[in-house]
Amino acid sequence: MGRSGMEAPVDTIQPGSVARYADLRDYLEIVDALGELRRANGADLHLEIGAICALARESSLIPATLCDNIPGLEPGFRILLNPMSSLNRTALAVGLPLGLTRAEYNKLGTEKWRSLAPIPPRLVADGPVLENVQEGDRIDLARFPRPHWHDGDGGPYMGTADAVVTRDPETDWVNVGTYRVMYQDSTHVSVYINPDNHGRLHQDRYFKQSRACPVLISLGHDPLLFGMATQRLPNGSCEYDYVGGLRGEPMDVILEHHTGLPMPAQSELVIAGEIRQDDVRPEGPFGETFGYYASGVQDLPTVEVKAVYFRNHPIILGSPPSRPPRQPGGTSFLSILHGEGLLDRMRRSVPGVKDVYSYQPTGGHLAIVSIQQQYPGHAKQAGLALANNSGHRPRYAVVVDDDVNIRDLQEVLWVLCTRSDPIKDIEIITRTTSSPVEPIIPPWENDLMSRAIIDATRPFEWLDKFPKTVEVSPELREHVWTRWAHVIA
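Just so we're aligned, residue 9 is where the sequence shown starts under our numbering, counting upward by one.
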């Protein structure tokens, strides 16, 4: 499915059209036609490229930036920054119409996810990724981009928007995840995987059998694959299948002979190797998801590289974390594809749920649910359901009444401070799942954290006696706007 299969040609893309693409290069051509691609020629791998990436997120557009002619590298060995950081680019990747509003994408994305039927990948014998192959003494990772993204990082990181492929040795389940990948030397990298991620489960099962863990690391690929690799899918699910389901056709893969793992045929650059527990090296620190160097330095098993596959003039993806607030005009893959997914899950478990929203600058740690109260304890039930949501896990779960616009932080703060009594309305849940990248959790407790449920609803027991809010009635509002718009607009 390439440009010939697009529903709108590159030179005639209009709002509301769906553009289809075959690979990252087709994707870039469309992004350029949309006016969302910038070029940075000659930017330095040491901090400068990372700063370009971070500062671009402070703009309203958050353009994608293609870095070329990088000092110390061959011309044509490129990095694409912020590949999916706008509504249009995320819609393009997911296969939704371009030029819509965030609310429209929330609705359409959720509908597409609900109706998605996974399509397993298609095994092929050849593909662009095989244009160049390094094996044995010819392996040289130093040929490829390896930015030092943040000034506090412990070294250069090749993988920040990667797709790391592993297989469960017990069940044959193939998983694709996004984990940070640190360059160690020309034949070795380190992959940091959180303890609760599926790739870590696979690695640990190999280690328990006293075996090295086969791994593929794709560093440049269809942005949709990157987006899916960041998702928390159920155990046993393969992200390749979901890419196929979203695109409506199988994703092409090649069986990589060193690892026996399926390799994306259209990838720009893939490292094949094995994670060895007998070769442990320092990894980190790295500027992580919540805007801190939280996980420090740890000794990690190292990937011994067996082969490198790459296209002519390869492009790797770069999407390192930066300090929030970020992406003021942007979006996330999660917010489009699951715009109403959390709302669906909440409504299945709790009656009377009106809306659910998570504030992006908090990394998902502040989530709000509004409800129409129906019985005593209803607010606590909603708060517990939100705090225990397996795919979300907010640190602060706030429950408000249905008269509050939870997407307006000023309204949320207003009711938080006027409808909650700290001694009665804040409940702490202890010993819940955490991660080493959480900055507030001490290293010796990095597997556990607490969560707070805040009831900012009017007390159900005296709901009818709670002081009324001061506001203009809908009827009077309409009348005044009709007659006096020239005065108040």
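Cβ coordinates follow ideal geometry from the N, Cα and C atoms, glycine included.
Could you check if residue i is buried or exposed, using at least 16 other CB atoms within 10 Å of its CB as the buried criterion?
{"i": "Ser12", "result": "Because the pLDDT of Ser12 is 37, which lies under 50, any placement of that residue in the model is unreliable, and the number read from its coordinates should be weighed accordingly. Counting Cβ neighbours within 10 Å, Ser12 comes out exposed, since fewer than 16 surround it."}
{"i": "Ala497", "result": "exposed"}
{"i": "Glu483", "result": "exposed"}
{"i": "Asp230", "result": "buried"}
{"i": "Trp492", "result": "exposed"}
{"i": "Ile225", "result": "buried"}
{"i": "Leu53", "result": "buried"}
{"i": "Asn114", "result": "buried"}
{"i": "Ala64", "result": "buried"}
{"i": "Glu264", "result": "buried"}
{"i": "Ala133", "result": "exposed"}
{"i": "Cys221", "result": "buried"}
{"i": "Ser157", "result": "The sequence shown places Trp at residue 157, not Ser. Buried is the call here."}
{"i": "Val495", "result": "exposed"}
{"i": "His206", "result": "buried"}
{"i": "Ile448", "result": "exposed"}
{"i": "Arg353", "result": "buried"}
{"i": "Asp260", "result": "buried"}
With the cut-off set at 7 Å, would you say residue i and residue j are in Cβ contact?
{"i": "Gly162", "j": "Pro293", "result": "yes"}
{"i": "Pro91", "j": "Tyr248", "result": "no"}
{"i": "Pro105", "j": "Gly24", "result": "yes"}
{"i": "Ile324", "j": "Gly228", "result": "yes"}
{"i": "Asn96", "j": "Leu45", "result": "no"}
{"i": "Pro322", "j": "Asp307", "result": "no"}
{"i": "Thr310", "j": "His196", "result": "yes"}
{"i": "Pro155", "j": "Ile57", "result": "yes"}
{"i": "Ile431", "j": "Ser458", "result": "no"}
{"i": "Cys283", "j": "Gly135", "result": "As written in the sequence, residue 283 is Ile, which differs from the Cys given in the question. Cβ distance not < 7 Å, so Ile283 and Gly135 don't count as in contact."}
{"i": "Thr186", "j": "Ala237", "result": "yes"}
{"i": "His373", "j": "Arg415", "result": "no"}
{"i": "Val189", "j": "Met166", "result": "yes"}
{"i": "Gln274", "j": "Asp31", "result": "yes"}
Between residue i and the rest of its own chain, which residues show a CB-CB distance below 6 Å, the 5 nearest in sequence each way excluded?
{"i": "Ala315", "result": "Glu143, His266 and Ala280"}
{"i": "Phe318", "result": "Asn140 and Leu277"}
{"i": "Gln389", "result": "Val358"}
{"i": "Gly338", "result": "Any reading at Gly338 needs caution, since the residue's pLDDT is 49, under 50, leaving its predicted position unreliable; the model's value is listed next. Correct list, in chain order: Ile70, Ser93 and Ser94."}
{"i": "Leu89", "result": "Cys61, Thr73 and Gly326"}
{"i": "Val412", "result": "Ser378, Glu419 and Val423"}
{"i": "Ala405", "result": "Ala375, Gly391, Leu394, Ala395 and Ile461"}
{"i": "Tyr365", "result": "Ile376, Ile414 and Arg415"}
I need the boundaries of the beta strand (DSSP E) containing residue i, first residue and last residue.
{"i": "Cys221", "result": "Cys221 to Gly228"}
{"i": "Glu143", "result": "Asn140 to Glu143"}
{"i": "Val495", "result": "Run containing Val495: none in the beta strand (DSSP E); it sits in the alpha helix (DSSP H), Pro482 to Ile496."}
{"i": "Val184", "result": "Val182 to Gly185"}
{"i": "Phe215", "result": "Note, Phe215: premise wrong, no beta strand (DSSP E); alpha helix (DSSP H) at His206 to Lys216."}
{"i": "Leu308", "result": "Gln306 to Phe318"}
{"i": "Gln285", "result": "Leu277 to Glu291"}
{"i": "Asp433", "result": "Taken as a continuous stretch (DSSP letters only), Asp433 belongs to no beta strand (DSSP E), being part of the alpha helix (DSSP H) at Pro430 to Asp433."}
{"i": "Ala405", "result": "Tyr404 to Asp409"}
{"i": "Ala464", "result": "Leu456 to Ala464"}
{"i": "Ile87", "result": "Arg86 to Leu89"}
Identify, in the order they occur along the chain, each residue of the same chain with its Cβ nearer than 8 Å to the Cβ of residue i, setting aside the five sequence neighbours on each side.
{"i": "Ser428", "result": "Ile434, Ile462, Asp463 and Ala464"}
{"i": "Pro467", "result": "Phe474"}
{"i": "Arg208", "result": "Ile201 and Asn202"}
{"i": "Glu500", "result": "A query on residue 500 cannot be resolved here, the shown segment of the chain reaching from 9 to 497 and no further."}
{"i": "Val305", "result": "Gly162, Pro290, Glu291, Gly292 and Pro293"}
Rounded to whole angstroms, how far is the Cβ of residue i from the Cβ of residue j, which I believe are closer than 8 Å?
{"i": "Pro384", "j": "Gly252", "result": "That belief does not hold up - the Cβ atoms of Pro384 and Gly252 are roughly 48 Å apart, past 8 Å."}
{"i": "Ser198", "j": "Ala150", "result": "No, Ser198 and Ala150 are not in contact; Cβ-Cβ is about 16 Å, not under 8 Å."}
{"i": "Val223", "j": "Val172", "result": "6 Å"}
{"i": "Thr174", "j": "Gln211", "result": "7 Å"}
{"i": "Leu456", "j": "Thr440", "result": "7 Å"}
Going by DSSP, what residue range makes up the alpha helix (DSSP H) through residue i?
{"i": "Cys75", "result": "Unbroken run through Cys75 is the beta strand (DSSP E), Ala72 to Asp76; no alpha helix (DSSP H)."}
{"i": "Gln251", "result": "Sequence check: residue 251 is Val here, not Gln. Glu247 to Arg255 is the extent of the alpha helix (DSSP H) around Val251."}
{"i": "Leu95", "result": "Leu95 to Val102"}
{"i": "Tyr500", "result": "Within the shown structure, residues of the chain are numbered from 9 to 497, placing residue 500 beyond reach of any answer."}
{"i": "Leu42", "result": "Where Leu42 is concerned, there is no enclosing alpha helix (DSSP H), given that its DSSP letter is neither H nor E."}
{"i": "Pro332", "result": "Where Pro332 is concerned, there is no enclosing alpha helix (DSSP H), given that its DSSP letter is neither H nor E."}
{"i": "Thr118", "result": "Arg110 to Arg122"}
{"i": "Leu417", "result": "Leu417 to Thr426"}
{"i": "Gly498", "result": "Because residue 498 is not part of the residues shown, which for the chain are 9 to 497, the question remains open."}
{"i": "Met236", "result": "Pro231 to Ala237"}
{"i": "His321", "result": "Premise fails: His321 is in no alpha helix (DSSP H) and is neither H nor E."}
{"i": "Gly391", "result": "His386 to Ala395"}
{"i": "Ile60", "result": "Glu56 to Ala64"}
Looking only at its own chain, which residues have a Cβ that is under 7 Å from the Cβ of residue i, when we skip the five neighbours before and after it?
{"i": "Glu296", "result": "Ala302, Ser303, Pro329 and Val445"}
{"i": "Pro336", "result": "At Pro336 the pLDDT is 46, less than 50, meaning the model places this residue with poor confidence; the figure from the coordinates comes in the next sentence. Result list for Pro336: Ser68, in chain order."}
{"i": "Ala51", "result": "Ile57, Ile60, Cys75 and Ile78"}
{"i": "Gln285", "result": "Phe215 and Pro309"}
Using a Cβ-based criterion (distance less than 6 Å to any ligand heavy atom), does residue i qualify as near the ligand FMN?
{"i": "Pro430", "result": "This structure does not include the ligand FMN; it has no bound ligands of any sort."}
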